[in-house]
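Enquirer: Shown below is the structure under consideration.
Protein chains: 2
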Amino acid sequence: MPVHLSAPNPSDLHPVAGLRIGVAEAGVRKANRKDLTVFLLDEGSAVAGVFTQNRFCAAPVQVCREHLAGGQAVRALVVNTGNANAGTGADGLARARATCAALARHLQVDAAQVLPFSTGVIMEQLPVDRIEAGLPAAIADAQPAHWARAAEGIMTTDTVAKAFSRQVQIGGATVTVTGIAKGAGMIRPNMATMLGFVATDARIAPALLQGLVRDLADQSFNRITIDGDTSTNDCFMLIATQKAAHAPIESLSGAEGQALKAALLEVAQKLAQAIVRDGEGATKFITVRVEGGKTGEECRKVAYAIAHSPLVKTAFFASDPNLGRILAAVGYAGIEDLDQTGIDLYLDDVHVAVQGGRNPQYREEDGQRVMKQSEITVRVLLGRGTAQDTVWTCDLSHDYVTINADYRS
Amino acid sequence: MPVHLSAPNPSDLHPVAGLRIGVAEAGVRKANRKDLTVFLLDEGSAVAGVFTQNRFCAAPVQVCREHLAGGQAVRALVVNTGNANAGTGADGLARARATCAALARHLQVDAAQVLPFSTGVIMEQLPVDRIEAGLPAAIADAQPAHWARAAEGIMTTDTVAKAFSRQVQIGGATVTVTGIAKGAGMIRPNMATMLGFVATDARIAPALLQGLVRDLADQSFNRITIDGDTSTNDCFMLIATQKAAHAPIESLSGAEGQALKAALLEVAQKLAQAIVRDGEGATKFITVRVEGGKTGEECRKVAYAIAHSPLVKTAFFASDPNLGRILAAVGYAGIEDLDQTGIDLYLDDVHVAVQGGRNPQYREEDGQRVMKQSEITVRVLLGRGTAQDTVWTCDLSHDYVTINADYRS
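Chains B and Y supply the protein sequences, listed in that same order. The opening position of the first sequence corresponds to residue 0 in numbering that gives the first Met the number 0, with each subsequent residue numbered one higher. The opening position of the second sequence corresponds to residue 0 in numbering that gives the first Met the number 0, with each subsequent residue numbered one higher.
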């Protein structure tokens with residue numbers, strides 16, 4: 000059961016002017032399932048993205064990178080579920096390109112103006128014929144209001160569709176930010192992949208977009224972890240249709256740029272957190288906040304050591320206020336000159352460890368009270384500086400093992 | 000149930016001349032339990048060790064380092080279970096020192112000639128009074144033949160005592176190597192700690208010992224992983240009593256040095272592997288061998304990425320020949336310039352992936368056959384160089400979650 004997460008109400012998802020979304024049942028892997036989604040962008044839209052750092056990246060990721068690097072204006076995105084087109088070699092690349100070419104023919108654009116995305120089983124060839132056959136229905140379905148359909152259309156083994164929307168006033172105009180996401184890193188690995196798509200009608204200089212999407216990812220999708228596995232297919236795309244009525248944003252440091260970035264970040268973080276809330280077997284949503292580091296990098300190291308520790312994660316599952324496991328993870332996070340006597344630990348408001356040892360005022364029942372909650376903040380003070388960072392994760396439950404041990408059966 | 004591991008037969012464990020071992024029930028945490036072990040070393044023995052890299056290292060680890068750095072000849076080791084004396088601050092350090100002082104008084108040596116080791120619950124103060132009260136019984140129990148008793152005496156939640164022994168001819172003399180170990184990294188974290196003690200009667204220049212113990216650890220205890228958690232208390236100690244009748248070994252590169260090192264490594268590797276075989280919830284013993292890297296370091300990165308991946312580990316538990324999970328782990332191991340098209344993957348003798356893609360000759364039933372075994376070798380060929388390395392691990396089962404979620408109840 001996801002932790003405090005419910006399916007979006009379609010009427011809460013504001014359309015983004017200049018962008019239409021169509022969904023179809025192409026039978027990629029199973030019949031009677033929405034498995035093909037197209038995003039159709041008006042002329043003048045700008046697109047940027049960040050992709051998995053996995054060296055075993057999937058064919059569509061390689062094609063996305065090529066097409067974005069080519070510099071032609073992106074006019075469409077095509078997403079299939081059921082097959083990840085990963086570990087498929089040269090043939091997989093050809094099939095990803097064929098998918099783009101097929102959609103491009105319908106839209107009368109160049110194949111390089113289409114970005115492909117795939118999620119599903121690994122190491123099986125993409126049934127590009129079925130995708131091609133499904134494209135007319137997806138195109139015919141395209142509407143600005145179809146965000147909720149798209150959130151369902153990109154689901155694989157997600158238990159809840161994930162979509163958020165926000166509007167903000169910029170330069171006297173209402174600007175919309177709407178996004179969807181699926182999966183959780185390698186959350187269901189042969190049905191793999193985190194995909195995130197966020198669109199805005201804001202007018203923003205296209206040159207700003209790549210830096211912006213990277214910043215957004217670094218504060219959202221790159222700050223979540225279910226099990227530490229990194230998918231071959233992860234993508235986070237930012238689309239700016241440039242349709243809003245405000246003056247163009249030429250810098251992110253001005254008031255308008257900051258307002259837009261804040262709205263985008265809120266949607267990206269909610270989507271990223273939704274992925275954790277729907278993490279495999281998750282029963283708790285954990286915020287790991289590390290403060291007082293010399294650098295953000297070392298704060299992240301510590302936060303990820305805690306968030307990845309199977310022992311810490313099982314302790315959360317058991318509601319066991321097991322201080323030793325968290326402190327041990329801090330200790331092996333890789334900060335060479337870490338002084339354990341400078342470290343304090345809090346579970347929510349409960350001060351459990353002081354200067355590297357158990358807080359004399361700490362009572363087990365206070366830790367127990369926090370650990371029983373379904374949302375918990377672990378706060379580590381390193382006492383070395385002023386940097387900080389935050390990572391979101393979930394617990395490790397029996398269901399995680401069941402899901403991952405049984406999913407192919 | 001441990002994987003192909005049974006308790007040692009005491010008569011298979013050769014005594015090491017110059018070393019006596021005594022075990023007692025001190026009631027550190029529970030009554031009627033062997034929880035206090037002393038190793039008493041004749042004059043002339045040399046001792047070296049390697050310790051946890053966790054910055055949250057326990058008080059006894061800090062005291063061991065101090066005493067070894069002080070340069071006085073070590074005359075005794077004292078090991079308690081039931082309490083790890085970790086996360087205990089200055090008071091914990093004082094209690095570790097008091098334990099050494101108490102044993103030193105009995106032996107009429109200096110406190111700095113005693114090394115302390117603790118394993119058990121974290122963040123509780125060591126009941127040093129009970130340990131002191133138990134020392135006379137442990138000393139009175141001391142016999143060269145008590146290795147099997149010691150293997151039991153240092154167990155916490157291990158299900159099987161771990162001890163191996165080997166004899167080798169060096170310079171016309173029979174040289175004995177005998178060792179014991181317990182735990183598995185953070186295998187049962189509030190009952191934490193990997194401890195390994197290997198002794199030999201070989202005559203070896205004390206100056207060689209520190210480099211030797213580090214080499215041995217790097218090829219044994221530092222090549223195993225259960226869950227990636229590093230304990231606050233891990234120690235591996237090498238004792239050379241210098242009693243054998245051969246000429247002193249002044250170099251490890253000669254035939255005698257090589258013979259001794261091989262015997263020591265065999266015992267250290269068997270002990271390390273025994274820890275994995277008795278890993279929490281382990282149902283399979285997995286050898287991850289990575290070949291064809293540019294450096295040993297990058298081979299280790301890949302091997303650990305595979306060995307730590309919860310998805311790979313649950314696939315082993317499920318006997319699911321899930322190629323994508325292993326290849327994905329290779330991809331995110333952190334080799335920046337890795338070319339996926341150079342990678343081959345074998346499960347035992349079955350060639351499952353070739354040049355980064357599924358081997359056309361691979362049949363699922365062949366992978367399935369290997370995955371059903373209780374011992375499996377994963378072999379990854381990186382195709383970049385001639386370096387190689389090996390890591391041993393186990394699968395991730397429901398019992399792992401059960402054990403770690405329930406152990407304090």
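For each residue, glycine too, the CB sits at the ideal point set by N, CA and C. Nothing here was measured: the structure is a model prediction, and the numbers come from that model.
With a threshold of 7 Å between beta carbons, is Leu337 (chain Y) in contact with chain B?
Expert: Start at 1 with the first residue of the second sequence, and residue 337 (chain Y) comes out as number 338. For Leu337 (chain Y), the answer is yes, since a Cβ of chain B falls inside 7 Å of its Cβ.
Enquirer: Only counting the same chain, and skipping five residues up and downstream in sequence, which positions put a Cβ closer than 6 Å to that of Ala314 (chain Y)?
Expert: Position 315 of the second sequence, counted from the start, is the residue given in the question as residue 314 (chain Y). Only Asn321, Arg324 meet the Cβ criterion.
Enquirer: Grab me the residues of Lys283 (chain B)'s own chain with a C-beta within less than 8 Å of its C-beta, minus the 5 sequence neighbours each way, in chain order.
Expert: Translated into positions along the first sequence, residue 283 (chain B) becomes position 284. Result list for Lys283 (chain B): Val2, Phe315, Phe316, Gln372, Ser373, Glu374, Ile375, Cys393, Asp394, in chain order.
Enquirer: Hey, is Gly431 (chain Y)'s beta-carbon within less than 7 Å of any beta-carbon in chain B?
Expert: With chain Y running from 0 to 408 in the structure shown, residue 431 (chain Y) is simply not present.
Enquirer: Let me see if you follow: with CB-CB separation under 7 Å, is Met122 (chain Y) close to chain B or not?
Expert: Your numbering for residue 122 (chain Y) matches position 123 in the second sequence. Yes, contact with chain B.
Enquirer: Taking one C-beta from the segment 261–274 of chain Y and one from the segment 348–361 of chain B each time, how about it: are there three or more such pairs within less than 8 Å?
Expert: Too few Cβ pairs lie closer than 8 Å, so no.
Enquirer: To the nearest angstrom, how far is it from the Cα of Lys300 (chain Y) to the Cα of Ala30 (chain Y)?
Expert: For the purposes of this step, residue 300 (chain Y) is taken as the residue at position 301 of the second sequence. For the purposes of this step, residue 30 (chain Y) is taken as the residue at position 31 of the second sequence. Those two C-alpha atoms are separated by around 44 Å.
Enquirer: Between the segment 34–65 of chain Y and chain B, which residues of the former have a C-beta closer than 9 Å to a C-beta of the latter?
Expert: Of all residues in the segment 34–65 of chain Y, Thr51, Gln52, Asn53, Arg54, Phe55, Cys56 have a Cβ within less than 9 Å of some Cβ in chain B.
Enquirer: Among the residues of its own chain, which have a CB less than 6 Å from the CB of Ala412 (chain B), if the five just before and after it don't count?
Expert: With chain B running from 0 to 408 in the structure shown, residue 412 (chain B) is simply not present.
Enquirer: Using a cut-off of 8 Å between C-beta atoms, extract the partners of Asn403 (chain B) located in chain Y.
Expert: Residue 403 (chain B) sits at position 404 when you count from the first residue of the first sequence. What Asn403 (chain B) touches in chain Y: Pro309, Leu310, Thr313, Ala314, Ala317.
Enquirer: Of all the residues that make up the segment 82–99 of chain Y, which are near chain B by a beta-carbon distance shorter than 9 Å?
Expert: Answer set for the segment 82–99 of chain Y: Ala83, Ala85, Gly86, Thr87, Gly88, Ala89, Asp90, Gly91.
Enquirer: I'd like to confirm something about Thr282 (chain B): is its beta-carbon nearer than 6 Å to some heavy atom of the ligand SAM, or not?
Expert: The model depicted lacks the ligand SAM and carries no ligand whatsoever.
Enquirer: On a CA-only basis, which of Y:Ile20, Y:Ala162, Y:Glu335, Y:Pro115 is nearest Asp233 (chain Y)? Give me that one, please.
Expert: If you number the second sequence from 1, residue 233 (chain Y) lands on position 234. The shortest C-alpha separation from Asp233 (chain Y) is found at Y:Pro115.
Enquirer: In the segment 210–260 of chain Y, which residue ranges form an unbroken beta strand (DSSP E) of at least 3 residues, counting only runs that do not cross its ends?
Expert: Complete beta strand (DSSP E) runs here, min 3: 234–239.
Enquirer: Please check if any C-beta of chain B sits within less than 7 Å of the C-beta of Tyr303 (chain Y).
Expert: Sequence index remark: in the second sequence, residue 303 (chain Y) carries index 304 (1-based). False, the Cβ-Cβ gap to chain B never drops below 7 Å.
Enquirer: Which residue or residues does DSSP assign as beta-bridge partners of Asn79 (chain Y)?
Expert: Counted from its first residue, the second sequence places residue 79 (chain Y) at position 80. Y:Leu35, Y:Ser117.
Enquirer: Below 8 Å between beta carbons is the criterion; list the residues of the segment 202–218 of chain B that meet it against any residue of chain Y, in chain order.
Expert: So the list is empty, because no residue satisfies the distance condition.
Enquirer: How about Ala47 (chain Y) and Gln257 (chain Y): are their beta carbons less than 7 Å apart?
Expert: As a working note, residue 47 (chain Y) is residue 48 in the second sequence. As a working note, residue 257 (chain Y) is residue 258 in the second sequence. For Ala47 (chain Y) and Gln257 (chain Y), no; Cβs fall outside 7 Å.
Enquirer: Cβ of Thr231 (chain Y) less than 7 Å from any chain B Cβ?
Expert: Here residue 231 (chain Y) corresponds to residue number 232 of the second sequence, with the count starting at 1. Closer than 7 Å: yes.
Enquirer: I'd like to know if the segment 335–353 of chain Y and the segment 61–77 of chain B are in contact, where contact means that at least 3 CB-CB pairs between them fall below 8 Å.
Expert: No: fewer than three Cβ pairs fall under 8 Å.
Enquirer: Checking contacts by CB at 7 Å: is Gly356 (chain Y) closer than that to chain B?
Expert: Here residue 356 (chain Y) corresponds to residue number 357 of the second sequence, with the count starting at 1. Chain B, which has a Cβ nearer than 7 Å to the Cβ of Gly356 (chain Y), makes this yes.
Enquirer: Enumerate in chain order the residues of its own chain whose CB-to-CB distance from Ala273 (chain B) is below 6 Å, with the five nearest sequence positions on each side excluded.
Expert: For the purposes of this step, residue 273 (chain B) is taken as residue 274 along the first sequence, with counting starting at 1. Same-chain partners within the cutoff: Leu4, Lys161.
Enquirer: Check whether the segment 139–146 of chain B touches the segment 8–19 of chain B, counting contact only when three or more Cβ pairs, one atom from each stretch, lie closer than 8 Å.
Expert: The answer is yes - the segment 8–19 of chain B touches the segment 139–146 of chain B, with three or more Cβ pairs under 8 Å.
Enquirer: Do we get a CB-CB distance below 7 Å when we pair Tyr361 (chain Y) with the residues of chain B?
Expert: What you label residue 361 (chain Y) is simply residue 362 of the second sequence in a count that begins at 1. Not closer than 7 Å to any Cβ of chain B, the Cβ of Tyr361 (chain Y) fails to qualify, so no.
Enquirer: On a Cα-Cα basis, can you pick out the residue from B:Asp388, B:Ser230, B:Ser396, B:Arg19 that is closest to Gly280 (chain B)?
Expert: On the first sequence, residue 280 (chain B) is found 281 positions in, with the first residue counted as 1. Closest by alpha carbon: B:Ser396.
Enquirer: Looking only at its own chain, which residues have a Cβ that is under 8 Å from the Cβ of Ala304 (chain B), when we skip the five neighbours before and after it?
Expert: What you label residue 304 (chain B) is simply residue 305 of the first sequence in a count that begins at 1. These residues qualify, in order along the chain: Ala328, Val329, Tyr331, Ala332, Gly333.
Enquirer: Over what stretch of residues does the beta strand (DSSP E) that includes Ile20 (chain Y) continue unbroken?
Expert: Counting from one through the second sequence, the residue named residue 20 (chain Y) turns up at place 21. 18–23 is the span of the beta strand (DSSP E), which, as asked, contains Ile20 (chain Y).
Enquirer: With 7 Å as the threshold, decide whether the Cβ of Leu346 (chain Y) is near any Cβ in chain B.
Expert: What you label residue 346 (chain Y) is simply residue 347 of the second sequence in a count that begins at 1. No, because no Cβ of chain B sits closer than 7 Å to the Cβ of Leu346 (chain Y).
Enquirer: Give the DSSP-derived three-state secondary structure of Val176 (chain B) in the structure shown.
Expert: Looking up residue 176 (chain B) in the first sequence gives position 177. In the structure shown, Val176 (chain B) sits in a strand (DSSP, three-state: E or B).
Enquirer: Which residues, taken in chain order from the segment 364–387 of chain B, show a beta carbon closer than 8 Å to some beta carbon of chain Y?
Expert: Listed by position, the residues of the segment 364–387 of chain B near chain Y (Cβ gap below 8 Å) amount to none.
Enquirer: Is Gly69 (chain Y) helix, strand or coil by DSSP?
Expert: By one-based count along the second sequence, residue 69 (chain Y) stands at place 70. Gly69 (chain Y): helix per DSSP, three-state reduction.
Enquirer: According to DSSP, is Pro9 (chain B) helix, strand or coil?
Expert: For this step, residue 9 (chain B) is matched to residue 10 along the first sequence. DSSP places Pro9 (chain B) in helix when its eight states are reduced to three.
Enquirer: Less than 7 Å between CB atoms is the rule here; does Val351 (chain B) satisfy it with respect to chain Y?
Expert: To locate residue 351 (chain B), count along the first sequence from 1; it is residue 352. With 7 Å as the cut-off, Val351 (chain B) does not count as an interface residue toward chain Y.
Enquirer: Closest Cβ-Cβ distance between Gly291 (chain Y) and chain B: below 7 Å?
Expert: Position 292 of the second sequence holds residue 291 (chain Y). Judged by the 7 Å Cβ criterion, Gly291 (chain Y) is not in contact with chain B.
Enquirer: Please go through the same chain and pick out, in chain order, the residues whose beta-carbon is closer than 8 Å to the beta-carbon of Thr231 (chain Y), but skip the five residues on each side of it.
Expert: Locating residue 231 (chain Y) in the second sequence gives position 232, counting from the first residue. Cβ neighbours of Thr231 (chain Y) beyond the five flanking positions: Thr51, Asn53, Phe55, Cys56, Ala57, Val60, Ala83, Ala85, Gly86, Ile121, Ala191, Thr192.
Enquirer: When the Cα of Thr401 (chain B) is compared with those of Y:Thr389, Y:Ile169, Y:Asp319, which residue comes out closest?
Expert: Taking the first residue of the first sequence as 1, we reach residue 401 (chain B) at position 402. The option with the nearest alpha carbon to Thr401 (chain B) is Y:Asp319.
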